[in-house]
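Asker: Mapping the sequence shown onto numbering that gives the first Met the number 0, position 201 (from 1) lands on 200, and the numbers just tick up by one.
Think of the CB as a built atom: it goes at the ideal place given N, C-alpha and C, for glycine as much as any other residue.
Being a predicted model, the structure only gives us computed values, none of them experimental.
Below is the structure I would like to discuss, written out as C-alpha cells.
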Amino acid sequence: MDITPIASSSSGNAYLISDGVTILLIEAGVKLEKIQEKIDLTSIKACLITHEHGDHAKYAKQIARWIPIYSSKGTFDCLDFGVYNYQKNILKLSKMETIGSFKVIPIKAFHDAKEPFAYLLKSTITNETLIFATDTYYIRNTFDALDYIMIECNYDESILENRYENGDVTKAQYKRLISSHMSLESCIKFLKANDLSKLKEVYLMHLSDKNSNEQMFKRAIQEITGAMVVVCQK
Ligand SMILES: [Zn+2]
Ligand SMILES: [Zn+2]
C-alpha cells in the first residue's frame, strides 16, 4: 500500500491510502485545496471519518460534494451535510464493508466523541492489512499479521505529568488527555500485544505540540518494531 499523510495534529488530519486500484481518504480535517495539492479529488473512491471533531471532520461537507463519506451513525448524527446528505454511508462496528478493492472493518475507539471508530483495512489487490487508529486512548482489539500500522502517539506520560505539576496543563486538560488520547506508553503496549511479523511501516499520528518528543518517539517505536517509522507532520 501507498500511504500519504497530508496533515496530522489537533489542527487538522487527512491521510491518503492507495493499493494501486482504490484510493481512500481518511479524515476530512483539512481544506480541499490541501488535498488537491496531492491528488485530483475525483480519483478518490471514498472518505472514511473516525469521529466528528473538527480536526477530523470540519471539511466533510465540502468533501461530500465530490466523494462518498463513510463513518458511524453517531458521527453522522453530529454532522450536517445539507444537500449532500445522500453521500453519508453508515458503517457498523465490526461489520465489514467493501469499498473498491478494500475491505473495511470498523473497530471500537475510546474517545470523547459520540461513536468513534478506528479502521482495519484489507486490500484484495496487495493482500496487505492496515490498522488506522487515532484519537483513542486505548485499543482493545488485537490483529493478526499487520503490514501497516497508523497509530496515534499523542503524548509522553512523563512530559505530560511534569507539565501538569508545573501548572502548564490544567487538571481538566490533564484528565481529558489521559482519557481520550493515546500516550507513547499505550502505543507501545498496543504494538507489543500484536503480531508484528509482517510489519513494514509504522506511521505515528496526531503528536501533541507540547507533550511529545518526535525524535524520542520515533526511536522508541523503531526499537520495538524494527520497522520503518514515519512521524506524520502537522
Ligand atoms: Zn483529533
Ligand atoms: Zn477527537
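Where does V82 sit, in a helix, a strand or coil, going by DSSP?
Answerer: The residue labelled residue 82 in the question sits at position 83 within the sequence shown. Note: V82 maps to helix in three-state DSSP.
Asker: Which whole-angstrom value describes the C-beta separation of Y69 and I98, a residue pair presumed to lie in contact below a C-beta threshold of 8 Å?
Answerer: Within the sequence shown, numbered from 1, the residue matching residue 69 stands at position 70. Within the sequence shown, numbered from 1, the residue matching residue 98 stands at position 99. Going by Cβ atoms, the distance from Y69 to I98 rounds to 7 Å, so yes, they are a contact pair.
Asker: Measuring straight from C-alpha to C-alpha, what distance separates I25 and I34?
Answerer: Here residue 25 corresponds to residue number 26 of the sequence shown, with the count starting at 1. Here residue 34 corresponds to residue number 35 of the sequence shown, with the count starting at 1. Going by the C-alpha atoms only, they are around 11 Å apart.
Asker: Threshold first: 4 residues or longer. Then list the alpha helix (DSSP H) segments lying entirely within the stretch 42-120, N to C.
Answerer: Whole alpha helix (DSSP H) segments, 4+ residues: 53-56, 59-62, 72-76.
Asker: Beta-carbon distances below 6 Å to any heavy atom of ligand 1 define the shell here; list its residues in chain order, please.
Answerer: This selection yields S9, H52, D54, H55, D134, H205.
Asker: So, are the CB atoms of F131 and L120 less than 8 Å apart?
Answerer: Residue numbering aside, residue 131 sits at position 132 when the sequence shown is read from its first letter. Residue numbering aside, residue 120 sits at position 121 when the sequence shown is read from its first letter. Yes, the pair counts as a contact, with Cβ atoms nearer than the cut-off.
Asker: Over what stretch of residues does the beta strand (DSSP E) that includes F131 continue unbroken?
Answerer: Against the sequence shown, residue 131 aligns to sequence position 132. Counting along the chain, the beta strand (DSSP E) containing F131 begins and ends at 128-132.
Asker: Do you know how far the Cα of N193 is from the Cα of V201?
Answerer: Position 202 of the sequence shown holds residue 201. Position 194 of the sequence shown holds residue 193. Cα to Cα, V201 sits roughly 13 Å from N193.
Asker: What is the DSSP secondary structure of N161, counted as helix, strand or coil?
Answerer: Within the sequence shown, numbered from 1, the residue matching residue 161 stands at position 162. It is helical.
Asker: Would you be able to state if there are at least three C-beta pairs under 8 Å between the stretch 202-212 and the stretch 3-11?
Answerer: The answer is yes - the stretch 202-212 touches the stretch 3-11, with three or more Cβ pairs under 8 Å.
Asker: Please report the straight-line C-alpha distance between Q214 and Y85, rounded to a whole angstrom.
Answerer: Taking the first residue of the sequence shown as 1, we reach residue 214 at position 215. Taking the first residue of the sequence shown as 1, we reach residue 85 at position 86. Their backbone Cα atoms lie some 43 Å apart in a straight line.
Asker: At a threshold of 7 Å, does A112 count as lining ligand 2 (C-beta to nearest heavy atom)?
Answerer: Counting from 1 along the sequence shown, the entry for residue 112 is found at position 113. Yes; taking the cut-off as 7 Å, the Cβ of A112 has a heavy atom of ligand 2 nearer than that.
Asker: Can you confirm whether the stretch 142-157 touches the stretch 43-57 when touching is taken to mean that 3 or more C-beta pairs between the two stretches lie within less than 8 Å?
Answerer: No: fewer than three Cβ pairs fall under 8 Å.
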